[in-house]
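Chains A and B are the protein sequences, given in the same order. When the letters of the first sequence are read in order and numbered with my numbering, they come out as residues 3 to 390. When the letters of the second sequence are read in order and numbered with my numbering, they come out as residues -1 to 152. A short write-up of the structure that comes next.
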Amino acid sequence: MGRAVAIIGVGQSKHGKRMDVCYPDLVREAVVAVFEDSGLTPDDIDGVVSGTMPSMMEGVAMTHFYFAEAMQAVGKPILKTETCGSTGVSTAQTAYYWVSSGMADVVLAVGHEKMNEGDSQATMTTVMEPFYQKYFLSGAPGVFSMQSQGWSVRFNIPEEKVREAAAVISVNHHDSAFDNPYAHVKVRLTVDDVKNAKVITYPIRLYDVCPNSDGACAVIFASEEMAKKLCKKPAWVKGVGYRGEEQFFGDSDKAVWPSAVGAAKEAYEQAGITNPRKELDVAEVYNPFTYQEMLFYECFGFCDFGEAPDLVLKGVFSRDGELPCDPSGGVLCTNPIGATGLIRVAEAAMQVTDKAGARQIPGAKMALAHAMGGIDQFNGVLILGSEL
Amino acid sequence: MMVKEYKTLETEVRLPYRLAYGETWTRFFEGMKEEKILGCKCSQCNRVLVPARSFCPRCFIDTDEWVECSQEGTLVAWCLTNYRYYAQPIEPPFISALINLDGTDVNFLHLIGGFDLSDLEAVRKKVKNGMRVKAVWEREKRGHILDLKYFTPV
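Below is the structure:
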C-alpha cells in the first residue's frame, strides 16, 4: 500500500427522475454538496476523477469534458474511469490511487448518470460482445437472473426459500429508503407484494429490481497530512480490492464468483480483516437485484455458500442484525449507475463518521462499500474505518 | 405544489459500423452454416473452449486445435425474459441459458425453446437445471449464431 488516504467530504444530488435539470446542473448539485460538507473550495482540489456508464446511456460522449465547469475541473488534471456498474467504486479507487501514490494531496471523485434520458437496457446491450452473446443476455436483468438461478440450484436452496428471502430483503431496503433523504424509490411494500409482483426476468420480479435513476455523487479523498489538517472526522481507507473476469459469460463460475471473492479478499487483507461478519459494522453491498445480494454475502465471506437465505430470514443482515447491509436502501431503491458505486462509498464513509442521520448504524467503525460491473465481469470493494 | 415541466430535446445518435469478425469468428460462423458448433482446445490447460477462440484466455497461448463440439449438453442456469427494451434482438418471451456441451470446459450461452413459454408455471415444471438438451437448427442458414435456433429438452 502507498500513503494513507481518507475521505474528508461527501455530497449527493437528490436522486430520482430528474427531468427538471440538465445533466451538468445535476452533477453540480453533488459537487456543491461536497464542498459544503467538507468546507473546502475548488482551489483546494489538485485533480478530478469522473465516472459514468457508456456514452450510449445519455447520447453525449466524453461527459467529463461536458462537466468540466460543473466539477470545477478547469485548470486541473482530469481523469475518466469507466467500468460499467462498478464505475463508482473504480472512480473512488482511482482517486485513492492518485493520493496514495503521492502525486496529489486532495482529489475530487464524481460519479453521475441520467438514466431516464435514454434506454438503460439497450445501453447495456452495447456493452456486450456483438457477434454472439448480445442476443441472449437481455440487459442487466437477464444476466443477473441467470446467475442467481444457477446459484440457488447449485446450493440446493429451495426456490420458495430464495423467493421469500429476496422479498424480505426488498421490504427491508424499501423501508430503509424512507430514512434516506437522497433515495429515489420510496414505497412501503409487504413480502406478498414482492413475491407476487410481475415477472421481469424469471425468477426476478418487479420489486427485486432496481429503478432507473438520475443522480450524482461527489467524494473528496485526501492524504493523511491534509485529512488531519482539513477534517475533524475523516473516514480512512483501510483496504481496496478489484478483480475482473473473462468477457465470455460462460467462462467463469458465477455462483462462487471469482471476481467478487477476490476483490473482497484483497481489501480484507489490506484492512487486516479475517472475520468480516464480526469485524464489519455495516456493509453497502451493490444490490441492484435482491437475489444477487445474497450471492454477494456469500462471496464476501459474511456466511457460507448456500447459507445466505437462511440468515436473511433470521435477520442477520437487517438494520438491527449482526451485520446490517444497505441501511441506505441500497441500489435497489436508487441506481444512477455511474454514481451508484460512489454512493456506496459515500454512505459507508457517513456510517463510520456518524453522519448517516436516520439510517445511522449506531457506533459503526468499520464499513464495506462495493460495486459490480459489466456482464457479471468486475467487482470492486473498499473498506473504510473510523481510525487511521 | 405543481412541478414545473421544462423542455426536453428529442434526439437520437445513429452511427453505422462494420465490425471485423477476424479468422476465428469467421470460421465459427461458417460452422453454423454446416450445423456445427466449433470450439478450440488449449494445448496447455487442455480445456475445450466454445465458442472457438484464437487464444486461451487463461494460458494466453494460441489455440490451434479445432474441435467440433457435441450438440447435446446439460442445462446449468436459465432465466425467462419477459420485458422489452429498445432494439432488443430477440422477441420476448424467451429463455436464455448456460449449457455445458458434452466434452467442453466452459458454458455455452444460448436459448432453450421448442415448447410453449406463455405459462410460467408450466415452464418452471419443465425446465430444470441438470436436464439434457440438444441443438435444433433453422432450415435457412446465414452464418449467424441464430442459425442454431435453440436447445430443446431431449
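Every residue, glycine too, gets a C-beta built ideally from N, C-alpha and C. All of these numbers come straight from a predicted model, not from anything done at the bench.
When secondary structure is reduced to three states using DSSP, M374 of chain A falls in the strand class.
Looking at A:E84, A:A168, A:P132, A:Y99, the one whose alpha-carbon comes closest to that of P205 of chain A is A:A168. Contact annotation for S147 of chain A against chain B: C77 [CB-CB distance below 7 Å, chain order]. By the neighbour-count criterion, in which a residue is buried when 16 or more other Cβ atoms sit within 10 angstroms of its Cβ, L42 of chain A is buried.
Per the Cβ contact rule, the region 88 to 108 of chain B is in contact with the region 59 to 69 of chain B (3 or more Cβ pairs under 8 Å). A straight line joining the alpha-carbon of F223 of chain A with that of V91 of chain A spans about 13 Å. With respect to A351 of chain A, A220 of chain A sits apart: the two C-beta atoms are not nearer than 9 Å.
Per DSSP, G111 of chain B lies in no alpha helix (DSSP H) segment and is marked neither H nor E. Under the Cβ criterion (8 Å, minimum of three pairs), the region 227 to 237 of chain A does not count as touching the region 78 to 95 of chain A. Checking the DSSP bridge columns, you'll see P151 of chain B partnered with B:V131. For E136 of chain B, no CB of chain A lies under 9 Å from its own CB, so it is not counted at the interface with that chain.
Interface residue (Cβ-Cβ distance to chain B less than 9 Å): Q123 of chain A is classified as such. With respect to the 9 Å criterion, V333 of chain A and R346 of chain A are classified as neighbours on the basis of their beta carbons. F92 of chain B counts as buried, since no fewer than 16 other beta carbons sit within 10 angstroms of its beta carbon.
Taking the CA atoms as reference points, K5 of chain B sits about 55 Å from V46 of chain B. Using a CB distance cut-off of 9 Å, Y204 of chain A counts as an interface residue toward chain B. Looking at the DSSP output, E119 of chain A bridges to nothing. Separation of F319 of chain A and C327 of chain A (C-alpha to C-alpha, rounded to the nearest whole angstrom) is 5 Å. In summary, the residues of the region 124 to 137 of chain A whose CB is separated from some CB of chain B by less than 8 Å are A124, T127, P132, F133, Y134, Q135, K136, Y137, in the order they occur in the chain.
For the pair G61 of chain A and S40 of chain A, the CB atoms are not nearer than the 9 Å cut-off. According to the DSSP secondary-structure assignment, Q379 of chain A is paired through a beta bridge with no residue.
C219 of chain A sits in a strand when the DSSP states are folded into three classes.
Excluding five sequence positions before and after Q151 of chain A, the CB atoms of its chain that fall closer than 7 Å to its own CB belong to P205, given in chain order.
Ranked by Cα distance from V74 of chain B, the first of A:E389, A:V263, A:V155 is A:V155. If you draw a straight line from the Cα of Q95 of chain A to the Cα of Y270 of chain A, it is about 15 Å long. Taking C-beta atoms as the reference points, V48 of chain B and V104 of chain B count as a pair closer than 9 Å. Judged by DSSP in its simplified three-state form, F53 of chain B adopts strand. A straight-line Cα-Cα distance of about 18 Å links V258 of chain A and P160 of chain A. Using beta-carbon distances, K2 of chain B counts as an interface residue toward chain A, with a partner under 9 Å. Between the C-alpha atoms of G53 of chain A and F67 of chain A there is a straight-line separation of about 11 Å. When A:G241, A:T342, A:N381, A:Q379 are compared, the shortest CA-CA separation from S215 of chain A is found for A:T342. Neighbours of L13 of chain B across chain A, judged by C-beta separation under 7 Å, do not exist; the nearest C-beta is about 10 Å away. A distance below 7 Å between beta-carbons, with the five flanking residues on each side excluded, links I171 of chain A to the following residues of its chain, in chain order: T292, E295, V314.
Bounds of the alpha helix (DSSP H) holding V91 of chain A are 89 to 102. Here the C-alpha atom of E119 of chain A lies approximately 11 Å from the C-alpha atom of V23 of chain A.
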